[in-house]
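Peer 1: Add 676 to the 1-based position in the sequence shown for this note's numbering, that's all there is to it. From the three backbone atoms N, C-alpha and C, an ideal C-beta is built for every residue, glycine too. Keep in mind the model is a prediction, meaning the values are calculated, not measured. Structure incoming, see below.
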Amino acid sequence: MNIDDKISSVKFYVDEEYAHLKIKDEGTCNRCEAKPCLFFCPAGVYRLSEEGNIIVAYQACLECGSCRVACPYLNILWDYPRGGMGLAYKFG
């Protein structure tokens with residue numbers, strides 16, 4: 677089983693009212709040349725729009741926290757999802 681198969685088996689409780697991942701300042705992302713956010717997230721939450729803006733699909737977040745430390749400009753706001761929302765981990 678590869679990582680994509682494992683990720684696809686994760687159950688999410690999506691909070692449509694509160695995005696726990698946000699870009700702090702879009703201008704900072706636009707000035708960033710490397711855009712490492714497009715590569716470091718194992719769930720592929722960060723994507724580039726046709727206009728060149730970063731799109732955050734927080735609904736697929738695995739809550740690993742890599743985006744909290746990998747953005748060289750610390751331009752990603754990461755909060756825990758509200759209670760009862762986010763990932764449903766299974767053991768075993």
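1. Where does the unbroken beta strand (DSSP E) through Ala764 begin, and where does it stop?
2. Spell out the partners DSSP gives Lys687 in its beta bridges.
3. Counting contacts by CB-CB distance shorter than 9 angstroms, is Cys713 in contact with chain C?
4. Going by other Cβ atoms of all chains shown within 10 Å of its Cβ, with 16 needed for buried, is Ala710 buried or exposed?
5. By how many angstroms is the C-alpha of Pro718 removed from the C-alpha of Met677?
Peer 2: In short, the structure shows the following:
1. In the DSSP assignment, Ala764 falls within the beta strand (DSSP E) that extends over Gly762 to Ala764.
2. Ala764
3. Absence of chain C from the displayed structure is noted, only one protein chain being present.
4. Exposed, by the Cβ-count rule.
5. Met677 and Pro718: Cα-Cα distance of roughly 15 angstroms.
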